[in-house]
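Residues 91 to 300 (my numbering) are what the sequence shown spells out, left to right. All C-beta atoms, glycine included, are put in the ideal place defined by N, C-alpha and C. Below: one structure, written as structure tokens.
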Amino acid sequence: MTGYGGCVLPATTAKEGPRTVPPTPDADPRPLTDEPLGIDLLNTRWIDASGRHDLLDSLDGLAIWLGSPLVRQALDSAPVPVEEETLQRLLRARAALDEAIASPRQPGPGAVEALNSVLAHGRTGHRLTADGPATFTEVDAPSWLPAWQAARDYLRLLGERPERIRACGNPECILHFYDVSKNGTRRWCSMAGCGNRAKAQRHYARTKST
């Protein structure tokens, strides 16, 4: 197993010369990049005027996602290989989250099994060190870290406010968000995007009917 944070644990043997995230990765093209990791992984797919996009359709896209500030912070800047194995494990986690988010408070058996199969590849533990108590994360291999952390983060959101895990109110949008507004009434992935489009459509409908 490979350990991260607090304690240094024995690492699995890595492939020779794995590709890593560049210090300055290309800009993230996604319209929504500030959601918690468990939802951010889902938001690697989006739709805009030019069509449907998937950031994780290539290793270049994987490098962009791993290099984004939110993901770097969530992974505590741990080294993650930019390779096909990492990508496939992320896609597996994303598919599991797809099933789970369809009904956050009452996930079906398939969603439970799919998410747990990802979570089985890591764990969080606690140890006493010379500097005091420490928390660490263990995963079966570095390529499992992003997928496992995304699944674990989704569990955290479920434990806090599952009713705040939502899909954008625009039926043509496939983005999700975690509503942190005070009154819990957020409807859109962003007011600048889908929110403004909905307002414009309502205004057009009113003026057309008069």
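Proximity to residue i [Cα-Cα], best of the options
i      : options                           : result
Val111 : Ala139, Gly128, Leu165 and Gly222 : Leu165
Pro194 : Asp147, Glu125, Pro115 and Leu248 : Leu248
Asn260 : Asp243, Met281 and Thr225         : Met281
Asp150 : Asn286, Asp116, Thr219 and Phe267 : Asp116
Glu173 : Asp230, Ala153 and Arg182         : Ala153
Ser148 : Asp138, Arg287, Val229 and Leu180 : Leu180
Ser140 : Leu177, Arg120, Leu127 and Leu132 : Arg120
Leu245 : Val202, Leu122, Arg182 and Pro169 : Val202
Rounded C-alpha distance that separates residue i from residue j
i      : j      : result
Thr103 : Leu235 : Interpretation of Thr103 is limited by its pLDDT of 40, a score under 50 that renders its predicted location unreliable; no figure is taken from the coordinates.
Ile337 : Pro197 : Residue 337 lies beyond the range of the chain shown here (91 to 300); nothing can be said about it.
Ile191 : Ser158 : 23 angstroms
Gly283 : Gln163 : 26 angstroms
Pro232 : Glu250 : 28 angstroms
Leu160 : Asp124 : 7 angstroms
His216 : Trp155 : 29 angstroms
Ala210 : Thr134 : 23 angstroms
Gln239 : Thr225 : 14 angstroms
Arg184 : Asp221 : 37 angstroms
Gly200 : Pro108 : 34 angstroms
Glu262 : Thr219 : 51 angstroms
Ala241 : Arg287 : 32 angstroms
Asp138 : Ala237 : 26 angstroms
Extent of the continuous alpha helix (DSSP H) to which residue i belongs
i      : result
Ala190 : Glu174 to Ile191
Arg162 : Pro159 to Ala164
Gly79  : For the chain, the structure presents residues 91 to 300; residue 79 sits outside this window and is missing.
Ser207 : Pro199 to Leu209
Cβ neighbours of residue i in the same chain (closer than 7 angstroms, five flanking residues each side left out)
i      : result
Asp269 : Arg254, Arg256 and Arg276
Leu177 : Leu146, Leu149 and Leu152
Val208 : Arg182, Ala183, Ala186, Ala237, Trp238 and Ala241
Boundaries (first-last residue) of the beta strand (DSSP E) holding residue i
i      : result
Pro223 : Gly222 to Val229
Gly215 : Gly212 to Thr219
Trp136 : Arg135 to Asp138
Arg142 : Gly141 to Asp144
Ile255 : Ile255 to Ala257
Residues near residue i by beta carbon distance below 6 angstroms, same chain, minus five either side
i      : result
Ala204 : Ala186 and Glu189
Thr214 : Thr227
Trp278 : Cys258, Gly259, Cys284 and Gly285
Nonlocal neighbours in the same chain, by C-beta distance under 8 angstroms from residue i, ignoring five residues either side
i      : result
His266 : Glu125, Ile129, Leu132, Asn133, Ile191, Ile255, Arg256, Ala257, Cys258 and Cys279
Lys105 : Note that Lys105 scores 45 on pLDDT, short of 50, meaning its location in the model is unreliable and no value can be drawn from it.
Task: Segments of 3+ residues assigned as beta strand (DSSP E) that fall wholly inside the stretch 236-285 - done: 255-257 and 266-268, all fully within the stretch 236-285.
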